[in-house]
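All residue numbers for the sequence shown refer to the UniProt record's numbering, where the first residue is 1 and numbers rise by one.
Have a look at the structure below before the remarks.
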Amino acid sequence: MKKVISVFMIVVILIIGTFLFSKGEGNTEEADLNETLIEEEQREFGVVEEELNEVTDSIYSEVSKIVNGVHDVLNKITGFDSHERYIDPDSEFWDSAVSRMETQIRAIERTIEFAEGDVKADLEDFVKITKIAIANHDHQALIYSHRIIHDVDTMYNGLNKKVFNAARLSNRNEETSTIIQSIIDEASL
1 MKKVISVFMI VVILIIGTFL FSKGEGNTEE ADLNETLIEE EQREFGVVEE ELNEVTDSIY
61 SEVSKIVNGV HDVLNKITGF DSHERYIDPD SEFWDSAVSR METQIRAIER TIEFAEGDVK
121 ADLEDFVKIT KIAIANHDHQ ALIYSHRIIH DVDTMYNGLN KKVFNAARLS NRNEETSTII
181 QSIIDEASL
């Protein structure tokens, strides 16, 4: 995304520079040439802008798909009170859930670089909390892992679902922020 913005800025600077250069010329032939160059650069800028929009749309679409897919997997692990199977850290259910959650972490880690703002911060929290759930067979971390990705999926993809307010994107409340931070802090000890 940074590369796309850099290309965009270079094109804008070239257009402005050409425009300023052409303003100072008194020669009509040079002015006509400069005007032609400006028109060409504006056309190129239009093409670059269209390409930027396509890339942005494509990135949004990919992040959207990955977030939705990860949420689906977490639903299968925790949904319909299935999360209760994970209350006991020695439960055999953890064995099968761990590899599935590790796969979801890798998918989100590859996606984070394309996310921005609250979405990026929420996905980073998802990774931290999910790693804690896996490492410690922590039921509460598992619950909040699901709640974060549920809220991101719901808000980012415009789904008509209830949110837990566990993600910044869904206006995370103070109580939830405290719980999530305490899970992270306790795991760091």
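All residues carry an ideal CB built from backbone N, CA and C; glycine is no exception.
These numbers were taken from a predicted model, which means no experiment stands behind them.
For the candidate residues the options, whose alpha-carbon lies nearest to that of residue i?
i: Ser61; options: Gly158, Glu92, Ile148 and Ala135; result: Gly158
i: Thr130; options: Glu174, Ile66 and Val70; result: Val70
i: Arg100; options: Ile77, His83, Asp118 and Val119; result: Ile77
i: Asn136; options: Ile105, Glu124 and Pro89; result: Pro89
i: Ile148; options: Phe126, Thr103, Asn75 and His139; result: Phe126
i: Ser91; options: Ile179, His139, Gln181 and Ile180; result: His139
i: Phe80; options: Asn160, Glu174 and His146; result: His146
i: Glu116; options: Glu174, Ile59, Ile179 and Ser82; result: Ile59
i: Asp57; options: His83, Ser182, Phe114 and Asp95; result: Phe114
Here's the rule: buried if 16 or more other CB atoms are within 10 angstroms of the residue's CB, otherwise exposed. What is residue i?
i: Arg172; result: buried
i: Ile143; result: buried
i: Asn87; result: The question names Asn, but residue 87 in the sequence shown is Ile. Exposed, since its Cβ has fewer than 16 Cβ neighbours within 10 Å.
i: Thr176; result: buried
i: Thr111; result: buried
i: Asp153; result: buried
i: Glu25; result: Residue placement at Glu25 cannot be trusted, given a pLDDT of 48 that sits under 50; what the coordinates show is reported in the next sentence. Classification for Glu25: exposed.
Measure the beta-carbon distance from residue i to residue j and round it to whole angstroms, keeping in mind my assumption that it falls under 8 Å.
i: Ile132; j: Ala121; result: Wrong, their Cβ atoms sit about 17 Å apart, outside the cutoff.
i: Met155; j: Ala167; result: 7 Å
i: Asp185; j: Phe164; result: Wrong, their Cβ atoms sit about 20 Å apart, outside the cutoff.
Leaving aside the five residues before and after residue i along the sequence, list all residues of the same chain whose C-beta is less than 8 Å from its C-beta, in chain order.
i: Ala107; result: Ile66, Gly69 and Val70
i: Glu109; result: Val127
i: His83; result: Ile77, His139, Leu142, Ile143 and His146
i: Ile183; result: Ile129, Ile132, Asp138, Gln140, Ala141 and Tyr144
Apart from the five residues on each side of it in sequence, which residues of its chain come closer than 6 Å, Cβ to Cβ, to residue i?
i: Ile134; result: Val98 and Met101
i: Ser188; result: none
i: Asp118; result: Arg168 and Leu169
Spatial neighbours of residue i within its chain, please: C-beta separation below 7 Å, excluding the five flanking residues on both sides.
i: Val73; result: Arg100 and Gln104
i: Ser64; result: Tyr156 and Asn157
i: Lys162; result: none
i: Phe93; result: Arg85 and Tyr86
Using a threshold of 7 Å, is the CB atom of residue i nearer than that to any non-hydrogen atom of the ligand FMN?
i: Ile129; result: This structure lacks the ligand FMN, and indeed carries no ligand of any kind.
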